[in-house]
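Note sheet for the following structure.
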Amino acid sequence: MAHSARRDSPKLPDFSLLKRLAKDQLVYLLEQLPGKKDLFIEADLMSQLDRIANVSTLKQHEVDKLYKVEYKPIVSTSDQLCFLIRPRIKTVKWICDVANADKAAGRFRRYKIIFTPQKFYACESVLEEQGLFGDVTTDEWAFYLLPLDDDIISMELPEFFRDNFLAGDQRWVRTAGSTLHLLHSIYGPFSKIYGIGRCSKMVYESWREQVEEEETKARQSEIGNVFLIDRDVDFVTPLCSQVVYEGLVDDIFKIKCGCVGFGTDATSDKNVKVMLNSQDKVFNEIRNEHFSNVFGLLSQKARNLQTAYDKRRGMDIKQMKTFVSEELKGLKQEHRLLSLHISASETIMKKKTKQDFQEMLKTEHSLLEGFEIRECISFIEEHIIRLVSMIESLRLLCLLSITENGLLPKDYRSLKAQFLQSYGVEHLLTFANLKQLGLLVEQQPGETLTAMESKVGKLVNDKTAGKLTDAFSSLAKKSNFRALSRKLNLVPKSDEEYNLRVPPDMAYIFSGAYVPLSCKLIEQVLERDGWSGLEEVTRLLNGHEFSVTGNNGADLRANNDAPRIVVVMFLGGCTFSEISALRFLGKEKGYKFIVVTTAITNSSRLLEALLENHTRPVNT
Numbered sequence: 057m058a059h060s061a062r063r064d065s066p067k068l069p070d071f072s073l074l075k076r077l078a079k080d081q082l083v084y085l086l087e088q089l090p091g092k093k094d095l096f097i098e099a100d101l102m103s104q105l106d107r108i109a110n111v112s113t114l115k116q117h118e119v120d121k122l123y124k125v126e127y128k129p130i131v132s133t134s135d136q137l138c139f140l141i142r143p144r145i146k147t148v149k150w151i152c153d154v155a156n157a158d159k160a161a162g163r164f165r166r167y168k169i170i171f172t173p174q175k176f177y178a179c180e181s182v183l184e185e186q187g188l189f190g191d192v193t194t195d196e197w198a199f200y201l202l203p204l205d206d207d208i209i210s211m212e213l214p215e216f217f218r219d220n221f222l223a224g225d226q227r228w229v230r231t232a233g234s235t236l237h238l239l240h241s242i243y244g245p246f247s248k249i250y251g252i253g254r255c256s257k258m259v260y261e262s263w264r265e266q267v268e269e270e271e272t273k274a275r276q277s278e279i280g281n282v283f284l285i286d287r288d289v290d291f292v293t294p295l296c297s298q299v300v301y302e303g304l305v306d307d308i309f310k311i312k313c314g315c316v317g318f319g320t321d322a323t324s325d326k327n328v329k330v331m332l333n334s335q336d337k338v339f340n341e342i343r344n345e346h347f348s349n350v351f352g353l354l355s356q357k358a359r360n361l362q363t364a365y366d367k368r369r370g371m372d373i374k375q376m377k378t379f380v381s382e383e384l385k386g387l388k389q390e391h392r393l394l395s396l397h398i399s400a401s402e403t404i405m406k407k408k409t410k411q412d413f414q415e416m417l418k419t420e421h422s423l424l425e426g427f428e429i430r431e432c433i434s435f436i437e438e439h440i441i442r443l444v445s446m447i448e449s450l451r452l453l454c455l456l457s458i459t460e461n462g463l464l465p466k467d468y469r470s471l472k473a474q475f476l477q478s479y480g481v482e483h484l485l486t487f488a489n490l491k492q493l494g495l496l497v498e499q500q501p502g503e504t505l506t507a508m509e510s511k512v513g514k515l516v517n518d519k520t521a522g523k524l525t526d527a528f529s530s531l532a533k534k535s536n537f538r539a540l541s542r543k544l545n546l547v548p549k550s551d552e553e554y555n556l557r558v559p560p561d562m563a564y565i566f567s568g569a570y571v572p573l574s575c576k577l578i579e580q581v582l583e584r585d586g587w588s589g590l591e592e593v594t595r596l597l598n599g600h601e602f603s604v605t606g607n608n609g610a611d612l613r614a615n616n617d618a619p620r621i622v623v624v625m626f627l628g629g630c631t632f633s634e635i636s637a638l639r640f641l642g643k644e645k646g647y648k649f650i651v652v653t654t655a656i657t658n659s660s661r662l663l664e665a666l667l668e669n670h671t672r673p674v675n676t
């Protein structure tokens, strides 16, 4: 992809320091329980721990054996047990069962619980209720941030989305505030903080309180601006099919903590785990590309690699020795990675070029543009009846509801009945969750006239239909998405074919059909240096926007790059497509964006968090 950046890209801060801090703190906590000990680790912490401290590091600090928390009687024979867990009541109750079983058997052991990223009062209350408050020592591993790449940092808290936005549980707000405070403490004061969303405002206030509690010292700032955004400000973007390479790899192979396992369908012999970051030269060139460009780039890479190998011919002994010692190892590694990404692309190609997927993309684009809605509903009905995929069916239903400001009552009842018949009546509760979040709702009388718009769209050309749509909308309540789309030009209108090789804007991440609302807001606010002129947009987004000058004790002159380095904090998760869009925007406008997120998400993860049946993991 060809970009013409306006200025030289600023240099990013060194976030490897966050890993070193986390490792040092964990080592300190393990040493608080001197002597040999067995360590029990919660399953969803294992990948993160592997990125911070490997097994040999743990062994150096007298960890004898490692176990996964499995909620059943333990087999450890050690006299000291250490538990590294999330602050979940279920896990604390299991630890109490372990301790009480030892008491009943007359066995004395020492127990230590390390909560991460913080401990909650509710967990300590369980220990007190069980009569173990004095027998079990507790500590806190403030492991807030895991750098996944030079410009991606994750809190690895997927439960944040459901807890905060559905359950209304604000326990993670303080954690997010502490995350911001950690960045502020290490990388200098921020010059400006922008945000939108109720949770963003609370996180900002939590961070502000923590800053006010400490002394302000003048120091060099490495980060200029911060932008906080709630996931519920923009649900459309994560519900759209991802078509950039990194997003597709996540959808199909599941990227976890920056690592992906390519199964036997992508590799000939066995499962291969690969770290996906900018150190992988092949991946770094294609990660942000629309998938239609990927094979061409990989072919070019293969030709370049062959040229590098061919240099061996005609070398004398000295040159060959230099080639082997300096270049050959790197070329072999690049060859291995190239083979993996070609195989992964072929797997993606098989799954994503089927007629079903192309029809689905066409349906999504129609929903975003607001045309042929009846045809879209027919496609969704067929999708449900054929039992293609429950999550995909839900995704399309939610996209239809959001873009049309709710479903017509007869459509809502019909689609809901078909869904429950196909996938099970237990999903009645799932529908209640989706309704609560505004993802799938029924239109109230006197709202949009979708059916009439669709009929008009069939009779006249697109341009005229657009004008008539505006006329009909004026008779009833306007759809927020439609109004936002017109106000911010989210759906590009052009008679020419969209150029995916040299894209003109961020819409390339969705094949030119839609500019992500979240990224468009960031672009507009940075351009305007605040929310001035966006009053109508913020009204449609239910407000809670803010813009605050920070800069307390900052010495911005010491680092001219700082004002062009922007931290974007997504509360509730962000997608790889949004990260690609921000990288594109950064190159266009001369910024460097650092994405801090509660977790990496996609349509599947977002909707699975809202399911109410036996398949959803219990995190309480």
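Numbered per my numbering, the sequence shown spans residues 57 to 676. Glycine is no exception: its CB is placed at the ideal position from the N, C-alpha and C atoms.
Between Val558 and the set Tyr250, Val267, Asn344, the nearest pair of CA atoms involves Asn344.
For Pro66 against Asp617, the beta-carbon gap comes to about 3 Å, under 8 Å, which counts as contact.
Residue range 119-124 is occupied by the beta strand (DSSP E) that includes Val119. Scanning Leu424, Ala563, Pro173 for the CA closest to the CA of Glu553 turns up Ala563. Buried is the label assigned to Ser277, since at least 16 other Cβ atoms lie within 10 Å of its Cβ. Tyr243 carries a helical assignment under DSSP once its states are collapsed to helix, strand and coil.
Residue pairing by DSSP places Ser445 opposite no residue, since no beta bridge is assigned to it. For Gly642, the enclosing alpha helix (DSSP H) stretches over residues 632-645. Under the three-state reduction of DSSP output, Asn555 falls in the coil class, being neither helix nor strand. Here Met371 is exposed. Its C-beta has fewer than 16 other C-beta atoms within 10 Å.
In the structure shown, Phe199 adopts coil according to DSSP, grouped into three states. Close CB contacts of Leu662 within its chain, under the 6 Å cut and outside five residues either way in sequence, are with Pro294 (chain order).
Comparing alpha-carbon positions, the option among Gln335, Cys152, Leu577 lying closest to Glu390 turns out to be Gln335. Inter-segment contact for the segment 621-638 and the segment 595-608 is absent: fewer than three beta-carbon pairs are separated by less than 8 Å.
The C-alpha of Leu666 is placed about 6 Å away from the C-alpha of Asn489.
Around the beta carbon of Thr486, 16 or more other beta carbons sit within 10 angstroms, so the residue counts as buried. The straight-line gap separating the alpha-carbon atoms of Ala109 and Ile141 is approximately 15 Å. Restricting attention to alpha helix (DSSP H) runs no shorter than 4 residues, the segment 566-630 encloses them at 573-584, 591-596, ordered along the chain. In the three-state scheme derived from DSSP, where H, G and I count as helix and E and B as strand, Asp106 is classed as helix. Judged by DSSP in its simplified three-state form, Tyr479 adopts helix.
As computed with DSSP, Phe139 is found in a beta bridge with Phe96, Ile169. The DSSP assignment places complete beta strand (DSSP E) segments of no fewer than 3 residues inside the segment 258-322 at 281-286, 315-318, in order along the chain. Secondary structure of Thr403 (DSSP, three-state): helix. Nearest to Leu540 by alpha-carbon distance, out of Arg430, Phe566, Lys576, Lys549, is Lys576. For Val330, the enclosing beta strand (DSSP E) has its first and last residue at 328-331. The beta carbons of Ile436 and Ser449 sit closer together than 8 Å. As a beta-bridge residue in DSSP terms, Lys648 pairs with Ile621. Rounded to whole angstroms, the Cβ separation of Phe537 and Val292 is 6 Å, and the two are in contact under 8 Å.
Taking 8 Å as the cut-off, the Cβ atoms of Glu592 and Lys543 count as close.
Going by beta carbons, Ala155 and Leu188 fall inside the 8 Å limit. With 16 or more other Cβ atoms from the protein chains shown falling within 10 Å of its own Cβ, Gly280 counts as buried. Taking 8 Å as the cut-off, the Cβ atoms of Arg620 and Gly646 count as close.
By the neighbour-count criterion, in which 16 or more other beta carbons inside 10 Å mark a residue as buried, Pro572 falls on the buried side. Taking C-alpha positions only, Phe318 is separated from Ser633 by approximately 20 Å. With a 10 Å radius around the Cβ and a threshold of 16 neighbouring Cβ atoms, Ala178 comes out exposed. The alpha-carbon of Leu495 is positioned some 13 Å away from that of Glu664.
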